[in-house]
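K.L.:
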Ligand code: NDP
Ligand code: GDR
């Protein structure tokens, strides 16, 4: 249909990609997800959607694959969610992280410039770019001081997105999103790790949970609400960048406390600090000032911290119960 809106989502197999694809399908878009080739399929998060979206191969490392995809699909909007997104891996694989998370953005922007400069572009920027924060809370005007190769790579992606807007007049937006979580979060990230670990302890499947820094403070929100803002940003008259977060901060220790308490347990005998989970450099405290998004996009988070923890723990308990072999086997 000629009037159909077409959209390309990179990173569709990830947490945010799966929620964004759901939202865009509901809104009537023709959704194409870019997936990279692997020896086995990794479509767990989008299994419920595969008959309503199209999947095409492409890779942020391969310029021509991006150009060909855009030429074939002629999308109106592109959401770039693909990245090497795990901060500890960025310390052990800094160059690969830069290729995906930094240069990958330029490859995609160059493809847009070449194929169709009217395409609207969303870049998944991150609160990790703030790093060693000079002020709290952090807004769109807070200076950046990243503390990890991931944060540095994201900052490159952020600046190049802004530069293509200013140099070539492209409609490019960066959403500076603070941590957002869900039952679809990767298992290595701390919220999912705590939700799973606490549930394992409660079900008698584990005796303890090993973590790193229990005093790190984060602004944690609920992922399905955050993908709404990505779409909203591309529907505005002008391209503008926004900070997105809840404006509330909690420590990893508090996350443990609420997760274990939801299962009727005190976290203290079960949670231990293991030095291998400490990072070469830590971002100690992040807190969003999302007042510009409240004002201009009419966006506000709806799920509280306690509700978020409980949603994640309940999902883990369900999953583990389903996976647990019946008694006597
Ligand atoms: P995930 O780690 O869950 O997903 C990352 C996605 O990127 C996966 O689909 C992965 O594919 C894909 N990918 C990785 N490398 C490549 C590549 N070379 N070519 C193509 N695809 C690739 O991340 P989230 O969903 O949590 O986050 C989405 C984006 O938002 C990321 O860019 C992240 O850095 C950023 N962000 C996330 C925040 C959060 O709290 N979740 C906060 C701020 C920013 P595969 O399945 O093949 O590995
Ligand atoms: P983060 O998320 O680094 O903020 O990046 P993560 O959940 O990995 O860490 C949050 C905080 O928890 C502390 N922590 C631990 N972290 C992990 N992963 N494992 C542990 O055992 C552990 N113990 C304590 C960390 O030190 C840190 O302070 C996420 C990613 O989604 C990025 O892609 C995104 O850009 C940012 O959020 C915003």
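Residue numbers (this note's numbering): -17 to 311. For glycine and all other residues, C-beta sits at the position ideal for the given N, C-alpha and C. Quantities reported herein were computed from a predicted structural model and do not represent experimental measurements.
Go to residue 61, then tell me how far its beta strand (DSSP E) extends in each direction, as first and last residue.
P.N.:
Segment 59 to 62, the beta strand (DSSP E) holding residue 61.
K.L.:
Shorter than 7 Å, the distance from the beta carbon of residue 16 to the closest heavy atom of ligand 1, or not?
P.N.:
Yes, the Cβ of residue 16 comes within 7 Å of a heavy atom of ligand 1.
K.L.:
Please report the distance separating the alpha-carbon of residue 231 from that of residue 160.
P.N.:
Answer to the nearest angstrom: the Cα atoms are 11 Å apart.
K.L.:
Reducing DSSP to helix, strand and coil, say where residue 133 ends up.
P.N.:
Looking at residue 133 - three-state DSSP - the assignment turns out to be helix.
K.L.:
Around the Cβ of residue 8, are there at least 16 other Cβ atoms within 10 angstroms (buried) or fewer (exposed)?
P.N.:
With fewer than 16 other Cβ atoms within 10 Å, it is exposed.
K.L.:
What is the DSSP secondary structure of residue 261, reduced to helix, strand or coil?
P.N.:
Correct three-state label for residue 261: coil.
K.L.:
Does DSSP put residue -17 in a helix, in a strand, or in coil?
P.N.:
Bear in mind that the predicted position of residue -17 carries a pLDDT of just 48, short of 50, making it unreliable; the figure below should be weighed with that in mind. Note: residue -17 maps to coil in three-state DSSP.
K.L.:
With a threshold of 6 Å on Cβ separation, who are the neighbours of residue 146 within its own chain once the five nearest residues in sequence on each side are excluded?
P.N.:
These residues qualify, in order along the chain: 91, 152, 154.
K.L.:
If you run the structure through DSSP and keep just helix, strand and coil, what is residue 104?
P.N.:
In this structure, residue 104 counts as strand in the three-state DSSP scheme.
K.L.:
Does the beta-carbon of residue 160, which I'm using as the reference point, lie nearer than 7 Å to any heavy atom of ligand 2?
P.N.:
Residue 160 Cβ: within cutoff of ligand 2.
K.L.:
When you compare only the Cα positions, how much space is there between residue 304 and residue 97?
P.N.:
Computed Cα separation, rounded: 47 Å.
K.L.:
DSSP three-state label for residue 32, please.
P.N.:
Residue 32 falls in the coil class under three-state DSSP.
K.L.:
For the stretch 172 to 182 against the stretch 236 to 253, do three or more pairs of beta-carbon atoms, one drawn from each stretch, fall closer than 8 Å, so that the two count as touching?
P.N.:
Judged by Cβ distances under 8 Å, the stretch 172 to 182 makes contact with the stretch 236 to 253, as three or more pairs qualify.
K.L.:
Cutting at 8 Å between CB atoms, please list the residues of its own chain near residue 306, excluding the five before and the five after it.
P.N.:
Result list for residue 306: 185, 187, in chain order.
K.L.:
If we require 4 or more residues per run, which alpha helix (DSSP H) segments fall completely within the stretch 232 to 306?
P.N.:
Taking only runs of at least 4 residues, the alpha helix (DSSP H) segments lying wholly in the stretch 232 to 306 are 234 to 244, 273 to 279, 287 to 305.
K.L.:
Should residue 267 be listed as close to ligand 1, given that the test is whether its C-beta is under 7 Å from any heavy atom?
P.N.:
No, the Cβ of residue 267 stays beyond 7 Å of every heavy atom of ligand 1.
K.L.:
Under the rule that 16 or more other beta-carbon atoms within 10 Å means buried, what is residue 312, buried or exposed?
P.N.:
As displayed, the chain neither begins before -17 nor continues past 311, which places residue 312 out of reach and without an answer.
K.L.:
Sorted by chain position, which residues of the same chain lie with C-beta nearer than 6 Å to residue 225's C-beta, five sequence neighbours on each side aside?
P.N.:
The answer, listed in chain order, is 121, 122, 158, 270, 272.
K.L.:
Check whether the Cβ of residue -3 lies closer than 7 Å to any heavy atom of ligand 1, and answer yes or no.
P.N.:
Yes, since a heavy atom of ligand 1 falls inside the 7 Å radius drawn around the Cβ of residue -3.
K.L.:
Quick one: grab the DSSP three-state call for residue 228.
P.N.:
DSSP places residue 228 in coil when its eight states are reduced to three.
K.L.:
Counting only the same chain and skipping the five closest in sequence on each side, list residues whose C-beta sits under 6 Å from that of residue 52.
P.N.:
Taken in chain order, the residues that qualify are 93, 97.
K.L.:
Would you say residue 105 and residue 140 are within 8 Å of each other, going by their C-beta atoms?
P.N.:
Against a cut-off of 8 Å, the Cβ pair of residue 140 and residue 105 comes out as a contact.
K.L.:
When you compare each of 73, 19, 49 to residue 264 by their alpha carbons, which one comes out closest?
P.N.:
Ranking 73, 19, 49 by Cα distance to residue 264 puts 73 first.
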